[in-house]
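If you're matching positions, the sequence shown starts at 0 in numbering that gives the first Met the number 0 and goes up one per residue. Report on the following structure.
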Amino acid sequence: MKRWDQRPFEVRNLFNPAFCGLVLFRALLGYEEENPNGMPFSLALLVLPLCLQKDARQVIAGNSRSYLLKIVEKNPQLLVGFADRASDMLPFALEAFGVLIERGCFVVSQDGRLKTVPGRVRKSVTGTDESVSCQRVARIVGKEFARIADRVTVYTTFGIRP
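See the structure below:
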């Protein structure tokens, strides 16, 4: 990762570690709505590529009442370049996790699951339309990952080898 002051303006705004951390936190909360044990770390790495890319976010938001596996089946364009996008987003996700853990927003359980700490992040979803959309889709993605309940299935669905 480049130093913060050496990154392009667009990268600093879109991949701001605090914002990415907020998106990840919303996904962790969504996961915990279905499974209170917390989200596996490996699944959390897929949240940002799904929530920050506008086309993917719009498809998921537009089909929020459908299962994620069905959404991907009906919208194969979600898979185009997803593996590369996930790899490219990895440093930003790790940086966001660093901010979250430093602020005490989540804990890691003995079995490697990420669990949110209540009261560390505001419950209300606020911000620009775009940032609110990212946060809402993150919650949906988190819930869907919990419903699928199998990391290998999720990774295989998105064309990534675990």
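Glycine residues also receive a C-beta, built at the ideal position from the N, C-alpha and C atoms. Predicted, not measured: the structure shown is a model, and the values here were computed from it.
Helix, strand or coil at residue i according to DSSP, with G and I counted as helix
i: arginine 165; result: There is simply no residue 165 to check, as the chain begins at 0 and stops at 161 in what is shown.
i: lysine 122; result: coil
i: arginine 11; result: helix
i: proline 48; result: helix
i: phenylalanine 105; result: strand
Buried versus exposed, by CB contacts within 10 Å (16 or more), residue i
i: alanine 148; result: exposed
i: methionine 0; result: exposed
i: tyrosine 30; result: buried
Whether residue i touches residue j by CB criterion (8 Å)
i: leucine 47; j: phenylalanine 91; result: yes
i: valine 140; j: isoleucine 59; result: yes
i: leucine 44; j: leucine 89; result: yes
i: leucine 42; j: arginine 135; result: no
i: phenylalanine 40; j: glycine 103; result: no
i: arginine 146; j: glutamate 33; result: yes
i: serine 108; j: glycine 20; result: no
i: leucine 13; j: phenylalanine 96; result: no
Given residue i as reference, the closest of the options once Cα atoms are compared
i: proline 16; options: Ser130, Leu99, Asp110 and Gly158; result: Leu99
i: alanine 82; options: Gln5, Ala145, Gly158 and Val136; result: Gly158
Report task. Report yes or no: do three or more beta-carbon pairs, one from the region 117-129 and one from the region 72-81, lie closer than 8 Å? Result -> Proximity of the region 117-129 to the region 72-81 falls short of the contact definition, fewer than three beta-carbon pairs being nearer than 8 Å.
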